[in-house]
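Visitor:
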């Protein structure tokens with residue numbers, strides 16, 4: 001990585017680079033996820049809920065797609081404030097609640113998980129801090145094992161959370177997931193192949209005033225996370241839209257001054273981006289594509305669609321780092337943010 005400001009983003013850069021090892025190590029612990037999956041199957045849930053905040057909320061969106069597509073179960077994202085602020089007490093019999101939090105320390109997620117268990121839910125905590133308050137109240141805990149993350153902007157904890165959810169849901173499905181045994185190799189290839197491409201992409205975005213990220217299917221989580229990374233590290237007002245939702249109104253605000261990061265995964269989600277991309281091109285937007293296709297500016301190894309978000313986010317993290325440091329910002333310590341945000 002290069003930067004015009006020596007010393008900026010040192011931790012974030014190191015943690016981006018750690019991801020191939022972190023992901024390879026996590027894939028090697030698939031047996032731990034199968035053990036929890038077996039108990040989850042025995043509980044026979046009829047619905048799956050995810051509880052999360054921040055980057056973990058984007059990972060939970062990915063988990064929602066996994067559950068609905070691979071397991072054929074309805075899934076949703078909880079609104080913690082219905083429990084913490086309004087005192088709602090829904091019947092959660094036959095519900096599995098998966099709480100996702102790298103720190104496991106946010107009081108609202110702890111309260112939601114504790115209350116869900118009391119109301120009959122099968123609770124699982126997916127966290128980088130298994131001895132956290134969240135880990136203590138969940139019936140089962142899964143450690144993503146990313147190691148300490150010092151930069152405020154989540155990188156390795158995000159990609160590891162995605163892989164953890166993939167390992168859990170595919171184990172529930174009872175089918176061995178494709179490609180995770182090579183995930184470390186694919187991650188390293190993706191980082192290496194995009195080293196210069198990320199610099200070029202950051203140069204294109206350096207003076208952007210309006211940025212949109214967009215995708216469909218599993219990759220929508222990547223678009224959401226990319227928007228968050230750009231906002232928190234470069235202070236860019238960035239909006240994420242489903243490619244379908246983009247056509248339902250926001251496309252009217254797009255013009256030549258709009259920078260668009262379009263994630264095109266393989267499979268149905270990527271194919272469904274053809275129409276919104278054509279509409280964006282007709283509006284003369286500055287489009288930067290991310291995916292396995294030959295026309296992608298940031299290229300991602302071609303893996304099964306349900307695994308692609310684990311790899312798609314890596315060059316976008318590097319792009320965020322390059323953009324922040326080239327503008328003189330320190331992505332390790334964004335203004336007004338802390339590593340652990342406690343909300344209720």
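Residue numbers (UniProt numbering): 1 to 344. Even for Gly, the Cβ is constructed at its ideal location relative to N, Cα and C.
Does the beta-carbon of residue 309 have 16 or more other beta-carbons within 10 angstroms, so that it is buried, or is it exposed?
Guide: The residue is buried, with at least 16 neighbouring Cβ atoms inside 10 Å.
Visitor: Assuming residue 248 is part of the beta strand (DSSP E), what are its boundary residues?
Guide: No beta strand (DSSP E) holds residue 248; DSSP gives it neither H nor E.
Visitor: Could you give the first and the last residue of the continuous beta strand (DSSP E) run that contains residue 52?
Guide: Looking at the DSSP string, the run of the beta strand (DSSP E) that includes residue 52 is 47-52.
Visitor: Got a sec? Which residues, its chain only, sit under 6 Å from residue 160 by beta carbon, not counting five neighbours each side?
Guide: Same-chain partners within the cutoff: 22, 26, 144, 146.
Visitor: Straight-line CA distance for residue 237 to residue 167?
Guide: About 34 Å.
Visitor: Would you check if the distance between the CB atom of residue 36 and the CB atom of residue 203 is smaller than 8 Å?
Guide: No, the Cβ-Cβ distance between residue 36 and residue 203 is not below 8 Å.
Visitor: Can you tell which of 293, 287, 225, 250 has the C-alpha that lies nearest to the C-alpha of residue 265?
Guide: Looking at the Cα atoms, 293 is the closest of the given residues.
Visitor: Pick from 164, 67, 153: whose alpha carbon is nearest that of residue 334?
Guide: Closest option to residue 334, Cα to Cα, is 153.
Visitor: CB-CB under 7 Å to residue 225, same chain, minus the five flanking residues each way: which ones, in chain order?
Guide: Taken in chain order, the residues that qualify are 55, 58, 158, 313.
Visitor: Starting from the Cα of residue 274, find the closest Cα among 295, 127, 255 and give me that residue.
Guide: Nearest of 295, 127, 255 to residue 274, Cα basis: 295.
Visitor: Check whether the segment 253-264 touches the segment 211-223, taking contact to mean three or more Cβ pairs, one atom from each stretch, closer than 8 Å.
Guide: Yes: the two stretches touch, three or more of their Cβ pairs being nearer than 8 Å.
Visitor: Which of the three DSSP states, helix, strand or coil, is assigned to residue 122?
Guide: Reduced to three states, the DSSP call for residue 122 is strand.
Visitor: Measure the alpha-carbon distance for residue 288 versus residue 282 and round it to whole angstroms.
Guide: Going from the Cα of residue 288 to the Cα of residue 282 covers about 15 Å.
Visitor: Assuming contact is defined by CB atoms lying nearer than 8 Å, are residue 234 and residue 324 in contact in what I supplied?
Guide: Result yes, Cβ atoms of residue 234 and residue 324 sit closer than 8 Å.
Visitor: What separation, rounded to the nearest whole angstrom, lies between the Cα atoms of residue 77 and residue 50?
Guide: So the two alpha carbons sit approximately 5 Å from each other.
Visitor: Can you check which of these residues, 248, 193, 331, 209, is closest to residue 301 by C-alpha distance?
Guide: It is 193 whose Cα lies nearest to the Cα of residue 301.
Visitor: Please report how far the alpha carbon of residue 114 lies from the alpha carbon of residue 133, in whole angstroms.
Guide: Computed Cα separation, rounded: 10 Å.
Visitor: Which same chain residues, not among the five before or five after residue 205, have their C-beta less than 6 Å away from its C-beta?
Guide: Same-chain partners within the cutoff: 259, 323.
Visitor: Would you mind working out which of 244, 71, 280 sits nearest residue 253, comparing C-alpha positions?
Guide: Cα-wise, what sits closest to residue 253 is 280.
Visitor: For residue 353, does the count of other Cβ atoms within 10 angstroms reach 16, so buried, or fall short, so exposed?
Guide: Lying outside 1 to 344, the shown extent of the chain, residue 353 is not represented and no answer is given.
Visitor: What do you get for residue 291, buried or exposed, if any count of 16 or more other CB atoms within 10 angstroms of its CB means buried?
Guide: Residue 291 comes out buried.
Visitor: Can you name, in chain order, every residue of its own chain whose Cβ lies under 7 Å from the Cβ of residue 83, other than the five neighbours on each side?
Guide: Excluding positions up to five away in sequence, the list reads 111, 112, 115.
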